[in-house]
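Chains as they are written, first to last, in our numbering: chain D, 126 to 530; chain U, 157 to 452.
By construction, the Cβ of each residue, glycine as well, lies at the ideal position given by its N, Cα and C atoms.
Computed from a predicted model, the values in this text were never measured in an experiment.
Notes follow once the structure below has been shown.
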């Protein structure tokens with residue numbers, strides 16, 4: 126019998142009346158179970174959702190606790206700000222604590238613009254289309270007359286989504302109810318309220334404020350587990366812009382390049398030893414020094430870049446007409462491992478719809494065209510094969526036949 | 157869109173006119189000043205680059221009394237004993253004091269001529285910070301600034317325009333007194349609108365907007381790009397008459413199965429295929445005698 130040695134010599138009156146044996150189950154190391162998180166299926170890291178399910182899929186299931194996500198802003202800072210708001214809204218819905226820092230707008234204004242969550246019990250996301258059952262009406266079977274064997278194949282999975290429900294959906298056209306928002310605890314850091322002697326101390330003031338919040342609220346991993354643990358979500362808006370006091374975005378050879386890089390180094394050290402996760406947006410289109418931008422990217426764990434079509438010549442390109450911009454994955458994290466999971470598709474485009482921010486792989490034009498040709502009925506097929514051929518196929522019409530090259 | 161901007165910016169708006177050596181944006185800036193004066197607003201001008209007489213040239217009438225010119229042209233760096241406005245006074249407290257000196261019920265519009273001059277003597281982050289504080293504070297209703305793009309690095313211009321709500325880039329047009337303006341306007345909700353217009357400024361400082369230039373260039377390319385219909389002008393006939401179409405539909409295609417067979421093939425359940433194996437006499441394979449099946 127595996128009786129603990131200490132209880133062997135004890136008189137029986139000391140034993141609790143409810144314990145019939147002295148056998149005690151040895152509990153394993155305490156698994157932290159915090160609402161809104163789940164362990165990763167790849168490496169067991171604790172993950173939180175970024176608020177955008179497509180982005181969660183890209184990052185390998187979610188954002189690992191203790192890491193930094195860098196978002197390179199698009200030109201007018203519309204979509205990067207949207208992702209930051211999704212991240213904070215997800216924190217409110219999961220009852221995490223928030224820390225928002227900004228130099229340009231008051232963090233309270235950012236918090237008031239959070240999108241409203243769609244609180245349904247049923248998941249909204251569309252799974253891959255199921256095969257049609259035989260009780261379907263006749264039209265569906267006649268929909269493909271020649272290529273009917275392909276009818277039941279699922280359509281190309283356009284939106285990236287993981288199968289399990291982790292993360293919520295938000296309605297961008299409505300703002301979050303004040304009651305829901307006030308239920309979450311928010312710490313704000315608005316730079317003009319923290320005057321510093323020199324301009325370069327703004328980052329160190331931010332880091333000190335973060336450290337103080339983490340220690341005071343007990344997010345440190347080393348802190349005694351007196352109460353239930355929670356996650357701190359940190360959103361830092363537009364670091365590296367001129368309003369934070371450094372000249373990274375103003376000069377081609379900035380003299381204050383070390384300010385932001387030192388801050389990111391300290392931030393990551395702080396995050397690794399606490400239960401927090403950070404999203405940082407940087408206006409990389411203003412930073413001319415590419416080497417500096419590269420070192421900023423290396424100092425963060427995950428990095429994505431948004432390139433919106435607004436205002437560029439790509440807006441009128443028919444290839445991009447369904448999307449609002451391109452998304453580039455600059456870096457994937459290596460957390461306690463040698464190799465990391467790279468995304469399957471490298472060409473990604475995003476689209477902000479009212480109820481969803483979708484990130485899809487960008488399919489080239491002929492692929493889409495063939496899918497649509499196969500779906501047409503028979504006589505349209507034959508006729509449209511001659512008309513729908515795009516300019517990328519060369520064809521020559523001679524007297525007797527049409528040759529395709 | 158230029159006329160909308162001329163009619164008034166929203167409170168807290170920051171307009172930047174970007175010009176270059178090939179076309180000066182000062183005429184457009186004077187048109188904006190004129191429009192603001194006609195709207196009965198007080199306008200404070202920080203003049204670094206041109207003198208008061210030159211700026212007020214063309215502006216006439218009683219509204220000119222609401223124009224307060226702060227002379228930073230004669231002594232901007234404070235070399236004499238009594239400078240009227242120096243570039244080092246470009247900070248929040250000084251500017252607020254300056255604007256509040258002239259008592260006027262409505263908050264004033266601040267015009268800076270030009271931002272480039274200030275950027276040469278004050279660091280760009282400090283200028284950005286001051287402008288942002290001015291926008292957020294209540295002393296000034298709107299700010300307009302002239303920026304010479306070819307004098308600064310791209311990052312500096314980008315940082316300043318990042319703060320701006322509207323940016324107008326002027327360039328010389330095709331004809332003599334015409335100019336092209338590229339306008340980008342950001343609304344509070346985050347929506348961005350872009351436009352390109354040809355305009356000219358008359359002597360009384362009103363802006364006349366003409367047709368958009370992009371239409372002239374692109375329309376010539378469009379007729380060439382129209383896809384030619386390959387079924388036209390052929391020596392053989394690709395079209396079907398009605399009887400031909402009916403006959404075609406009646407034709408049984410070689411791999412078209414009946415509906416039942418299609419559904420059977422389509423919806424075969426995963427475990428439905430079975431292999432029934434009945435061992436034949438020939439299938440007896442005797443290990444010791446490989447030539448058992450030879451008929452010798």
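Asked	Found
Option nearest residue 329 of chain D by Cα separation, candidates D:229, D:342, D:389	D:389
CB contact check: residue 409 of chain U to chain D, cutoff 9 Å	yes
Pick from U:402, U:347, U:324 that is closest to residue 157 of chain U, judged by C-alpha positions	U:324
Whole-angstrom distance between residue 468 of chain D and residue 415 of chain D, CA atom to CA atom	24 Å
First through last residue of the beta strand (DSSP E) which encompasses residue 407 of chain D	401-407
For residue 318 of chain D, the nearest candidate out of D:395, D:453, D:233 (CA to CA)	D:233
Contact check, residue 284 of chain U vs residue 172 of chain U, beta carbons under 9 Å	no
Beta-carbon spacing of residue 457 of chain D, residue 446 of chain D below 9 Å	no
Inter-residue spacing [alpha-carbon to alpha-carbon] between residue 277 of chain U and residue 232 of chain U	10 Å
Under 8 Å by beta carbon: chain D residues contacting residue 247 of chain U	Ordered by position in chain D, no residue passes the 8 Å Cβ test against residue 247 of chain U, which lies about 13 Å from the chain.
Residues within the region 206-218 of chain D neighbouring chain U, beta-carbon criterion of under 9 Å	206, 207
Every unbroken alpha helix (DSSP H) inside the region 317-387 of chain D [4 residues or more]	327-342
CB contact flag (residue 217 of chain D, residue 209 of chain D, <9 Å)	no
Contact under 9 Å by Cβ, residue 76 of chain D with residue 227 of chain D	Residue 76 of chain D is absent from the structure shown; chain D starts at 126 and stops at 530.
Boundaries of the alpha helix (DSSP H) in which residue 163 of chain D is found, first to last residue	Run containing residue 163 of chain D: none in the alpha helix (DSSP H); it sits in the beta strand (DSSP E), 162-164.
Within-9 Å CB hit, residue 309 of chain U to chain D	yes
Chain D contact for residue 280 of chain U (CB, 9 Å cutoff)	yes
Chain U within 9 Å of residue 443 of chain D, Cβ atoms only	no
Every unbroken alpha helix (DSSP H) inside the region 191-271 of chain U [4 residues or more]	208-212, 248-257
Best match in U:243, U:258, U:399 for proximity to residue 224 of chain U [C-alpha to C-alpha]	U:258
Alpha-carbon to alpha-carbon, residue 354 of chain D and residue 262 of chain U	53 Å
Contacts of residue 220 of chain U in chain D (Cβ-Cβ under 8 Å)	In chain order: nothing, as chain D lies at least about 35 Å away.
From D:271, D:327, D:344, residue whose alpha carbon lies closest to that of residue 604 of chain D	Coverage of chain D is limited to positions 126 through 530, which leaves residue 604 of chain D absent and any answer about it impossible.
CB contact flag (residue 361 of chain D, residue 404 of chain D, <9 Å)	yes
Whole runs of the beta strand (DSSP E) within the region 284-332 of chain U, excluding any shorter than 3 residues	296-304, 322-328
Between the CA atoms of residue 286 of chain U and residue 247 of chain U - distance to the nearest angstrom	6 Å
The beta strand (DSSP E) enclosing residue 588 of chain D, as first and last residue numbers	With chain D represented from 126 up to 530, any question about residue 588 of chain D goes unanswered, as that position is not in the structure.
Whole-angstrom distance between residue 388 of chain U and residue 401 of chain U, CA atom to CA atom	19 Å
Per-residue burial, residue 366 of chain U [other beta carbons within 10 Å of its own, 16 or more giving buried]	exposed
Option in U:307, U:306, U:265, U:339 with minimal Cα separation from residue 321 of chain U	U:339
Residue 222 of chain U burial status per 10 Å Cβ neighbour count (16 or more: buried)	buried
Exposure of residue 173 of chain D, with buried meaning 16 or more beta-carbon neighbours within 10 Å	buried
6 Å Cβ shell around residue 252 of chain U - same chain, five flanking residues per side excluded	295
Chain U contact for residue 377 of chain D (CB, 9 Å cutoff)	yes
Where the beta strand (DSSP E) containing residue 461 of chain U begins and where it ends	Because chain U in this structure spans residues 157 to 452, residue 461 of chain U falls outside the shown range and cannot be described.
Other residues of its chain near residue 367 of chain D: CB distance less than 7 Å, five sequence neighbours each side excluded	374, 375
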